[in-house]
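First the structure, in the form of structure tokens, and then the observations on it.
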Amino acid sequence: MEILNQSSLSFAFITGRVNFPKHSLTLIVKGTFDLKPESPAILSDDHVFPTGDELFPDDDEGNGSCRYSSDFAYYKPRTDILLIGKCYAPFGKAVPACKVNFQAGNHSKTLGVFGDRYWNQITRTISDPKPFTQMDLRYENSFGGSGYKKNPVGKGYAKIKKADGSKIWPLPNIEDIKNLIDSPGSNPEPAGFGPIGDMWIQRYSKLGTYKGSWLKERWPWYPKDFDWGFFNAAPLNMQVEGYLTGDEHLSFENFHHSHAIYKSQLPGLKPRAFLHKKEKGNSGQAVFKEVTLRLDTLWIDMESEKAVLVWRGLSEILTEDYEEVSHCFIVSEKLEELAQPKAHYHELFLKQLDVDEDFQFIEPEQTETEAGAAEAVNIEDQIKEAEEKLNAELIEAGFDTHLELPEPTQEDKDKEILLMEEFGLKREKEEAIDRKIVKERLAKGETFRGEDLRNIDLSGLDMQGVDFKDAILSETKLTNSNLSGAILTNVSLSGVDLSLANLQKAILKDADLTGANLSGADLRDSVLKDAIFDGSKLQNALIDNANAESASFYEADLENASLQQCVCRAADFSKSKLSGADFKGASLVEASVEDAEGIKVNMTDADITGLRASNQTNFTHGIFRNVTGHYSIWENAILDHADFAFSNMEGANFASASLKSASFVGADLRYSRLSKANLYQAECMTMNLFEANLEKADLTMADFRASNIYGAEFLDAVINKTRFENANLKMTKLSGR
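Numbering-wise, the working numbering puts 277 at position 273 of the sequence shown, and it's gapless, one number per residue.
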């Protein structure tokens with residue numbers, strides 16, 4: 005399935021069996037927005053992809069409350085309204101207690117916030133609250149504690165031991181003002197606005213019964229008594245029946261240090277999703293079908309003034325591999341505008357297909373200059389014909405047609421120039437530029453903006469900081485030249501020899517270097533944004549710290565090149581040669597390396613979120629230690645002996661990839677897809693494969709010792725001499741091994 009996303013929102017999908025035993029496809033559309041006081045939220049520059057559960061950054065041990073609940077819910081029967089942040093005392097003046105109120109649309113919730121308090125064990129009364137100016141609104145400050153299943157991270161459930169060995173009985177800082185604690189025996193619901201952990205009893209109790217007929221009839225799917233409310237992470241009194249529209253008004257009281265009353269509004273966006281799929285009984289014809297998206301999650305972080313909206317839609321599919329679905333088309337509309345009919349988006353979709361897939365050569369239209377030139381040629385032919393006819397008549401009349409004509413005056417020349425410009429023609433240069441002239445002009449500090457410098461030998465020249473914007477340097481020889489800091493924006497450098505050239509801090513934005521030779525060139529700290537390096541030679545080039553965002557390196561040779569800390573967001577390295585290339589610490593977010601050859605490529609510490617590395621990409625012996633690669637795509641890639649140790653690759657797709665003898669030690673691949681992958685002798689110790697899909701994977705002699713494989717799918721997987729000692733296999737077919 006190809007994703008055509010024409011919205012400004014992020015997208016993901018998961019397959020399941022919501023209407024068991026039928027297969028289902030859940031579409032997830034996520035938007036991050038900046039809240040603004042007294043105005044609607046606007047789309048954020050922070051492009052956040054769908055993610056799994058997130059804890060708070062200061063929770064080093066991973067035992068605290070949940071900051072953000074996973075986006076990968078198959079279905080939510082109700083809307084989750086969630087908020088994290090702090091309570092701020094009005095005007096910054098310390099208070100013993102105050103209230104916080106959050107309202108979204110018609111839903112409102114108020115809680116009381118108190119300073120630190122304790123039970124007086126002698127009088128059995130509550131101590132006076134200690135005044136505060138701000139208080140974290142986390143479940144660590146709500147009622148609970150060790151042994152309390154509704155909130156094992158809270159306070160107030162029992163006494164705690166101090167460092168000196170004495171015991172105290174703290175009270176929670178956050179309470180429901182309608183149900184305040186009045187005795188040591190009070191056991192209220194934990195008060196809060198944030199998500200409930202999926203292992204807390206409120207949600208865990210909804211997982212159903214995993215015994216009896218379940219293994220035989222429904223494994224590996226959820227049991228019959230599974231409650232879909234499990235995926236609703238909000239406290240019960242913040243779960244709303246039905247779904248939000250997306251333009252609700254928001255109000256926050258005492259959540260902001262500068263605005264005691266903070267009012268805003270949701271952005272008023274409505275995404276729409278369409279599937280291009282073949283359906284049963286339709287003679288194999290593809291249909292364009294809309295999947296209804298429902299806004300079922302609103303999550304707000306008032307500290308960063310961000311709002312996250314998640315829309316979710318369900319569609320029935322024939323198999324888990326959704327082979328009948330060829331495309332998913334995502335758009336968005338403004339609620340204030342009239343919704344477009346499906347036919348409108350079908351037409352847009354077909355046009356997008358024409359651009360992306362069915363490009364055919366079309367005879368280019370003549371430019372104004374070309375049209376003028378053609379017209380001028382016709383005029384010259386007519387003039388020549390008329391001259392021949394006139395000469396014949398003059399000879400017949402006794403005139404000499406070979407008389408010397410006077411030199412044209414300046415007025416005549418000016419008229420000639422105007423006439424030529426009228427027909428779209430430029431006067432040819434009277435003097436060609438050569439190396440000597442270039443050197444003379446360089447000495448004078450002149451620029452070469454827009455000039456034609458083709459086929460000149462400029463090798464070895466010092467052109468530091470020179471302005472060549474819009475110039476033509478095709479086929480020019482620039483070997484070992486100094487172009488550091490030069491302005492080469494939109495310059496034509498196709499076929500240029502820049503081997504060993506110094507291009508440090510040069511600006512090559514939108515430059516065309518197709519087929520250029522940059523072997524051993526120094527491009528450190530340069531700007532290569534939107535530049536074209538298709539088919540170019542960059543062996544052993546230094547490109548560290550460069551900005552190559554959206555640059556194209558299609559079929560380029562970058563063997564042993566260094567691109568450390570290089571920004572390559574959305575860059576295209578398709579079919580390129582990357583063997584020995586060093587991308588350590590680089591940003592390859594949403595870049596493409598499809599069909600690339602990269603033996604021993606090094607991407608240690610790189611951000612490869614959304615990287616496309618499918619279609620037989622060969623990264624044998626590649627190094628990907630500590631990479632961040634959420635939702636990267638490695639389908640059918642060759643990754644034998646690759647090192648993904650300690651990588652964070654949540655939701656990555658390794659379907660049908662060859663991972664023989666690869667290392668995933670300590671890697672986080674929760675929700676990843678490894679169906680039909682070959683993991684023969686792979687090292688997967690202490691790995692996180694929470695709810696991963698290993699269906700039909702070859703796990704022969706793979707080592708999963710001490711790994712978290714909770715809820716993973718092993719249907720038809722090859723398990724031969726596979727090691728699972730001390731692994732968490734709960735909720736899997738292998739449970740009890």
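In this text, a Cβ means the ideal position worked out from N, Cα and C, and glycines have one as well.
Handout entry: C-beta atoms of G151 and V157 nearer than 8 Å
Key = no
Exercise for the section: Ignore the nearest five residues each way along the sequence and tell me which others in G725's own chain have a CB closer than 8 Å to its CB. Expected result: Residue 725 is actually Lys in this sequence, not Gly. Excluding sequence neighbours, K725 sits near T704 and M705.
Practice task
Evaluate L13 with the Cβ neighbour count: other Cβ atoms within 10 Å of its Cβ, from every protein chain shown; 16 or more gives buried, anything less gives exposed.
Solution key: buried
Problem - Nearest candidate by alpha-carbon position, reference L683, set A108, S662, N697 and R677 - result: S662
Problem - Distance between D644 and S583 (C-alpha atoms, nearest Å) - result: 14 Å
Problem - Beta carbon of L562 nearer than 8 Å to that of L542 - result: yes
Practice task
Report the three-state DSSP secondary structure of E309 (helix, strand or coil).
Solution key: coil
Exercise for the section: Taking all protein chains shown into account, decide if G124 is buried (16 or more other Cβ within 10 angstroms of its Cβ) or exposed. Expected result: This sequence places Asn at residue 124; Gly is not what is there. Exposed.
Handout entry: Given 8 Å, three or more beta-carbon pairs between the stretch 96-104 and the stretch 263-282
Key = no
Handout entry: Y208 classed as buried or exposed, judged by whether at least 16 other C-beta atoms fall within 10 angstroms
Key = exposed
Problem - Chain-order list of residues whose beta-carbon lies under 7 Å from that of S618 (same chain, five-residue window excluded) - result: E598, I637, W638, E639, N640 and A641
Exercise for the section: Using beta-carbon positions only, say whether D300 and T83 come within less than 8 Å of one another. Expected result: yes
Practice task
Compute the distance between the beta-carbons of I222 and F537, then report whether it is under 8 Å.
Solution key: Inspection of the sequence shows that residue 222 is occupied by Arg rather than by Ile. No, these two residues do not count as a Cβ contact at 8 Å.
Exercise for the section: Quick one: grab the DSSP three-state call for M735. Expected result: coil
Problem - Backbone secondary structure at W315 - three-state DSSP - result: strand
Handout entry: Short Cβ contact (8 Å threshold) for Q565 with A535
Key = Looking at the sequence itself, residue 565 is Ala, so the reference to Gln does not match. The answer is no: Cβ separation not under 8 Å.
Handout entry: Residues that A264 bridges to, as DSSP identifies them
Key = In DSSP, A264 forms no bridge with anything.
Practice task
Could you check what DSSP says for A706 in three-state terms: helix, strand or coil?
Solution key: coil
Exercise for the section: Using DSSP bridges, identify the partner residues of P188. Expected result: DSSP lists no partner for P188.
Practice task
Taking 8 Å as the threshold, find out whether the stretch 310-329 comes into contact with the stretch 344-361 through three or more Cβ pairs.
Solution key: no
Problem - Enclosing alpha helix (DSSP H) for E42 [first to last residue] - result: E42 -> no alpha helix (DSSP H), and no H or E assigned at all.
Handout entry: Cα-Cα separation between D180 and A162, rounded to whole angstroms
Key = 19 Å
Handout entry: For L248, the nearest candidate out of K80, D456 and K293 (CA to CA)
Key = K80
Practice task
Just mark I126 as buried or exposed, buried being the case when its beta carbon has 16 or more other beta carbons within 10 Å.
Solution key: exposed
Practice task
Determine the DSSP secondary structure at A401, reduced to helix, strand or coil.
Solution key: Note that A401 scores 39 on pLDDT, short of 50, meaning its location in the model is unreliable; the coordinates nonetheless yield the value given after this. Residue state, collapsed to three classes: coil.
Practice task
Could you tell me the boundaries of the beta strand (DSSP E) in which R276 lies?
Solution key: L273 to K282
Handout entry: Given G715 as reference, the closest of R709, R727, N692 and I723 once Cα atoms are compared
Key = N692
Problem - Three-way DSSP call (helix, strand, coil) for P94 in this model - result: helix
Problem - Other residues of its chain near A347: CB distance less than 7 Å, five sequence neighbours each side excluded - result: none
Practice task
Going by CA-CA distance only, name the one from K34, I723 and T624 that's closest to L313.
Solution key: K34
Exercise for the section: Please confirm whether L527 and A545 have their CB atoms less than 8 Å apart. Expected result: yes
Problem - Start-to-end residues for the alpha helix (DSSP H) that takes in Q206 - result: I205 to Y208
Problem - Pair within 8 Å by beta-carbon distance, L339 and D251 - result: yes
Handout entry: R439: first and last residue of the uninterrupted alpha helix (DSSP H) it sits in
Key = R439 to A447
Exercise for the section: Could you tell me whether any Cβ in chain D is nearer than 8 Å to the Cβ of N183? Expected result: Considering every chain present, this structure includes no chain D. It has just one protein chain.
Exercise for the section: Using beta-carbon positions only, say whether F235 and A77 come within less than 8 Å of one another. Expected result: yes
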